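*Asks:* Chains as they are written, first to last, in my numbering: chain H, 1 to 207; chain Y, 208 to 414.
Note that the Cβ used here is the ideal one computed from N, Cα and C, for glycine as well.
What you are looking at is a predicted structure, and each value in this text was computed from that prediction instead of being measured.
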DNA sequence: GTTTGTGAATAGTTTCACAGCA
DNA sequence: TGCTGTGAAACTATTCACAAAC
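1. Counting contacts by CB-CB distance shorter than 8 Å, is residue 291 of chain Y in contact with chain H?
2. Secondary structure at residue 357 of chain Y, three-state DSSP: helix, strand or coil?
3. Listing by chain order, which chain H residues have their CB less than 8 Å from the CB of residue 285 of chain Y?
4. Measure the Cβ-Cβ separation of residue 356 of chain Y and residue 285 of chain Y and say whether it is below 8 Å.
5. Residues in its own chain within less than 8 Å of residue 230 of chain Y by CB, not counting five upstream and five downstream?
6. Quick check: what's the CA-CA separation for residue 341 of chain Y versus residue 144 of chain H?
7. At least one CB of chain H closer than 8 Å to the CB of residue 319 of chain Y: is that the case?
8. Among H/80, H/180, H/110 and H/90, which residue has its Cα nearest to the Cα of residue 409 of chain Y?
9. Go through its chain and collect everything with a Cβ distance to residue 217 of chain Y's Cβ below 7 Å, but skip five positions before and after it.
10. Identify the residues that DSSP records as bridge partners of residue 295 of chain Y: which are they?
11. State the DSSP-derived secondary structure class of residue 333 of chain Y, mapped to helix, strand or coil.
12. Count Cβ pairs between the segment 261–278 of chain Y and the segment 220–228 of chain Y that sit closer than 8 Å; are there 3 or more?
13. Output needed in chain order: residues of the segment 257–275 of chain Y with a Cβ under 9 Å from some Cβ in chain H.
14. Starting from the C-beta of residue 242 of chain Y, find all residues in its chain whose C-beta is less than 7 Å away, skip the five residues before and the five after it, and write them out in chain order.
15. Can you check whether the C-beta of residue 420 of chain Y is within less than 8 Å of a C-beta belonging to chain H?
16. Can you confirm whether the segment 163–182 of chain H touches the segment 190–199 of chain H when touching is taken to mean that 3 or more C-beta pairs between the two stretches lie within less than 8 Å?
17. Going by DSSP, what residue range makes up the alpha helix (DSSP H) through residue 186 of chain H?
18. I want to see whether chain H comes within less than 8 Å of residue 346 of chain Y, judged by CB atoms only; does it?
19. Within the continuous beta strand (DSSP E) that includes residue 171 of chain H, where are the two ends?
20. Below 8 Å on C-beta distance, what does residue 296 of chain Y contact in chain H?
21. Among Y/236, Y/212, Y/215 and Y/311, which one has its Cα closest to the Cα of residue 197 of chain H?
22. Cα separation between residue 123 of chain H and residue 129 of chain H?
23. In three-state DSSP terms, what is residue 272 of chain Y?
24. Quick check: is the beta carbon of residue 12 of chain H nearer than 8 Å to any beta carbon in chain Y?
25. Does the beta-carbon of residue 392 of chain Y have 16 or more other beta-carbons within 10 angstroms, so that it is buried, or is it exposed?
26. For residue 314 of chain Y and residue 29 of chain H, what's the separation of their Cα atoms in angstroms?
27. Could you name the residues of the same chain whose beta carbon sits closer than 6 Å to that of residue 205 of chain H, not counting the 5 residues immediately before and after it, in chain order?
28. Opposite residue 82 of chain H in the DSSP bridges: which residues?
29. Take residue 386 of chain Y as the anchor and find which of Y/375, Y/373, Y/368 and Y/372 has the nearest alpha-carbon.
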């Protein structure tokens, strides 16, 4: 079923499947059924098959999926088959943790630049990246950086967003607790850590 | 429309509305319309009204919503009207950033205990919290701690989850890139930072 | 005139069940 | 026999449009 609009929810799940396939591949597992993959990732097997069906035939009936083929396909669909250079803004506690974060690598992300407005942080090395002043953000264009991570306090978020957009960034991962306005061509994904914790008590039985 | 099952998506959005109401309240704004709130938060006004309608009448036609009433109502619905004590497991880069994170406070969360398996970290103070050995996790019950945050590498995630569940925790915020198995009574919310970044390139126009 | 609250219409997503292939 | 791929059905959520309330 190749000629369909891809549901957003399917796109959201593809990185999960990729993570599972990479995990299995690292362990030397060559093939996997939708059922096995589902068990590993905590989703349903028919959901996996349905999601894959939007893109064509990934697997072999009676056998399952080849892990390396799966990785190749999902990487291509998600545009992850080239290394993506990322700029980080905000070298505070969260920003430093993100610079040291080992999880970006498997998807081909590399944080190649870091910025902060605090003069005391500027010039210092942080996980191998030298922190630059925020006014140097405009140089991003010349370095092939198309994505930015915002790890600044809420009050600064819109200003930093504008600077990133002006610097040519087309995708933003926003860790600040604010809605930020961008032109339609720019995609923002917001992770509001406290907000996710905030809905947890709703699900706890009385207490 | 009081006698309806609440959509999960509505529950997911309630903390957003709460954040907006708190923001306005701090600025001394007493009343707000669904339209104004929507503009502030980047959602639709009818979505807000629809979401609120599941819980009863929050506002006044022709006038709007009273910010402090809104805060009170949402806090009660989300079970946020008491302080929640939280245990953090994993005092590495991410764990330390979470201990120092200022955003939990507005929702009434307090990280009162931290644990790590690394003997070099145990005993040290980290943002005012003394890191304890992981084997001391079982004391949680006696301290009224009902929620846990997992900030450990993937390989350790299931073990830590089991320990938290055994210690009586009923809600878990999981930052590890793994699906973890829990009894049905326990709710897990997973934030996989790299995964969220991983779907960003999909939305970037060719390049 | 303004804004809420909500039934009804639309859109989107998940689940099922099974034909077809290895 | 075992597993994929997918239409169709069931379910869930979003959007609209407007009556009722202030």
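*Replies:* Per the coordinate set shown:
1. Here residue 291 of chain Y refers to the residue found at position 84 when the second chain is read from its first residue. Taking Cβ atoms only, chain H reaches closer than 8 Å to residue 291 of chain Y, which makes this a yes.
2. Walking along the second chain from the start, residue 357 of chain Y turns up at place 150. Residue state, collapsed to three classes: strand.
3. Counting from one through the second chain, the residue named residue 285 of chain Y turns up at place 78. Going along chain H in sequence order, the residues near residue 285 of chain Y (Cβ under 8 Å) are 198, 199, 201 and 202.
4. Translated into positions along the second chain, residue 356 of chain Y becomes position 149. Translated into positions along the second chain, residue 285 of chain Y becomes position 78. Not in contact: residue 356 of chain Y and residue 285 of chain Y (Cβ atoms no closer than 8 Å).
5. Here residue 230 of chain Y corresponds to residue number 23 of the second chain, with the count starting at 1. The answer, listed in chain order, is 247.
6. For the purposes of this step, residue 341 of chain Y is identified with residue 134 of the second chain, where counting begins at 1. For the purposes of this step, residue 144 of chain H is identified with residue 144 of the first chain, where counting begins at 1. About 43 Å.
7. Here residue 319 of chain Y refers to the residue found at position 112 of the second chain. Taking Cβ atoms only, chain H never reaches closer than 8 Å to residue 319 of chain Y, which makes this a no.
8. As a position in the second chain, residue 409 of chain Y is number 202, starting the count at 1. Checked all of H/80, H/180, H/110 and H/90; the closest Cα to residue 409 of chain Y is H/80.
9. Counting from one through the second chain, the residue named residue 217 of chain Y turns up at place 10. For residue 217 of chain Y, where only same-chain residues beyond five positions count, the Cβ hits under 7 Å are 258 and 261.
10. Numbered from 1 along the second chain, position 88 holds the residue referred to as residue 295 of chain Y. According to DSSP, residue 295 of chain Y bridges with Y/321 and Y/356.
11. Translated into the one-based positions of the second chain, residue 333 of chain Y becomes position 126. Residue 333 of chain Y: strand per DSSP, three-state reduction.
12. yes
13. none
14. Along the second chain, read from residue 1 onward, the residue named residue 242 of chain Y stands at position 35. Closer than 7 Å at the Cβ level, and outside the excluded window around residue 242 of chain Y, lie 252.
15. Nothing about residue 420 of chain Y can be read from this structure; chain Y reaches only from 208 to 414.
16. yes
17. On the first chain, residue 186 of chain H is found 186 positions in, with the first residue counted as 1. Note, residue 186 of chain H: premise wrong, no alpha helix (DSSP H); not H, not E.
18. If you number the second chain from 1, residue 346 of chain Y lands on position 139. Chain H, which has no Cβ nearer than 8 Å to the Cβ of residue 346 of chain Y, makes this no.
19. Here residue 171 of chain H is taken as the residue at index 171 of the first chain, counted from 1. Residues 171–174.
20. For the purposes of this step, residue 296 of chain Y is taken as residue 89 along the second chain, with counting starting at 1. None at all; the shortest Cβ gap to chain H is about 14 Å.
21. Position 197 of the first chain, counted from the start, is the residue given in the question as residue 197 of chain H. The shortest C-alpha separation from residue 197 of chain H is found at Y/311.
22. The count along the first chain starts at 1 and reaches residue 123 of chain H at position 123. The count along the first chain starts at 1 and reaches residue 129 of chain H at position 129. Cα to Cα, residue 123 of chain H sits roughly 10 Å from residue 129 of chain H.
23. As a first step, residue 272 of chain Y is located in the second chain; it is residue number 65 there, counting from the start. Reduced to three states, the DSSP call for residue 272 of chain Y is strand.
24. Taking the first residue of the first chain as position 1, residue 12 of chain H is located at position 12. Yes, its Cβ sits closer than 8 Å to a Cβ of chain Y.
25. The sequence position of residue 392 of chain Y within the second chain is 185, counting from 1. When all chains shown are included, residue 392 of chain Y counts as exposed.
26. By one-based count along the second chain, residue 314 of chain Y stands at place 107. By one-based count along the first chain, residue 29 of chain H stands at place 29. Each residue's Cα considered, the two are about 44 Å apart.
27. To locate residue 205 of chain H, count along the first chain from 1; it is residue 205. None.
28. Within the first chain, numbered from 1, the residue matching residue 82 of chain H stands at position 82. In DSSP, residue 82 of chain H forms no bridge with anything.
29. In the second chain, residue 386 of chain Y corresponds to position 179, counting from 1. That would be Y/368, whose Cα lies nearest to the Cα of residue 386 of chain Y.
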